[in-house]
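Participant:
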Amino acid sequence: MTSDAPADTRPETDPSDPTDPRLPLRTARLVLRPLALSDIDALLAYRGQPETVRYVPFEPGTRAELLTRLRTDLVGAVPTDEGQALKLGVEVAATGELVGDVVLFWHSRQHRAGEIGYLLHPDHQGRGYATEAAAALLTFAFDVLGLHRVVARVDARNTASARVARRLWMRQEAHLVENEWFKGGWADELVFAVLEDEWRTARRAADGPAR
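Below is the structure:
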């Protein structure tokens with residue numbers, strides 16, 4: 032089977048809904064907004080790199096694959112029920128540059144449970160962007176969606192991602208040893224979690240954004 036996809040001849044219509052008053056989310060340095068088809072080059076610049084996706088459950092994306100995902104999977108619509116997800120691009124407010132994306136999964140209405148994930152361009156790591164973006168997403172999860180508990184699942188080798196979770200006042204609840212066959216080998220997984228009251232208490236104590 033060839034990896035070359037046929038040319039996509041569908042109109043360049045944008046699936047994102049710019050009318051939702053709850054979006055975008057804004058922080059001191061970032062704008063978290065729905066991704067658009069015009070983001071394809073910026074998205075390819077980091078999602079197409081093996082280094083970026085080393086510890087996440089998908090391979091580097093081609094332009095055709097990412098265009099398809101922008102029309103379907105990466106739509107930035109606010110979830111209305113369990114099983115849905117909010118996926119937003121991370122833009123540097125001062126420059127308008129797209130440097131990553133974040134996701135909030137709504138797993139259970141009954142248990143008010145969710146999960147966050149974050150992915151950043153390697154050139155923009157180490158600046159606190161992932162922590163800042165994920166903090167905004169957690170606030171949205173608790174204040175807007177009314178979730179009670181949010182987890183983050185991290186490959187144990189991904190020390191940078193684990194640091195982000197800890198800076199978000201998420202406690203490590205599990206170290207799952209060789210629980211997944213992942214990209215050619217057994218991988219350990221760390222599970223972090225924070226509850227809504229813990230999050231609000233920590234934010235009040237910090238009197239500002241997450242560390």
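Numbering (our numbering), first residue to last: 32 to 242. Glycine included, every Cβ here is placed at the ideal spot set by N, Cα and C.
1. Sort Tyr149, Gly177 and Val87 by Cα distance to His138 and report the nearest one.
2. If distances are taken between C-alpha atoms only, which option among Leu199, Gln115 and Ala125 comes closest to Asp104?
3. Quick check on Trp212: buried or exposed, where buried means 16 or more other Cβ atoms within 10 Å of its Cβ?
4. How about Ile147 and Ala108: are their beta carbons less than 8 Å apart?
5. Which partner residues of Gly216 appear in the DSSP bridge assignment?
6. Just the Cα atoms here: how many angstroms apart are Leu54 and Lys214?
7. What is the rounded straight-line gap between the Cα of Val121 and the Cα of Gly216?
8. With a threshold of 6 Å on Cβ separation, who are the neighbours of Tyr77 within its own chain once the five nearest residues in sequence on each side are excluded?
9. Using alpha carbons as the reference points, say which of Ala172, Arg102, Asp154 and Arg143 lies closest to Val133.
10. Suppose contacts are defined by Cβ-Cβ distances below 8 Å. Is Asp186 in contact with Glu220 by that definition?
11. So, for Gln80: in the same chain, excluding its five sequence neighbours on each side, which residues have a beta-carbon less than 7 Å away from its beta-carbon?
12. Around the C-beta of Phe89, are 16 or more other C-beta atoms found within 10 angstroms, so that it is buried, or is it exposed?
13. Taking DSSP as the reference, what is the three-state secondary structure of Pro153?
14. Between Val62 and Gly131, what straight-line distance do the alpha-carbon atoms span, to the nearest angstrom?
15. Inspect the beta-carbon positions of Glu163 and Arg60 and report whether they are closer than 8 Å.
Facilitator: Quick look at the numbers:
1. Gly177
2. Gln115
3. exposed
4. no
5. Phe213
6. 35 Å
7. 31 Å
8. Thr83 and His152
9. Ala172
10. yes
11. Pro91 and Pro153
12. exposed
13. helix
14. 11 Å
15. yes
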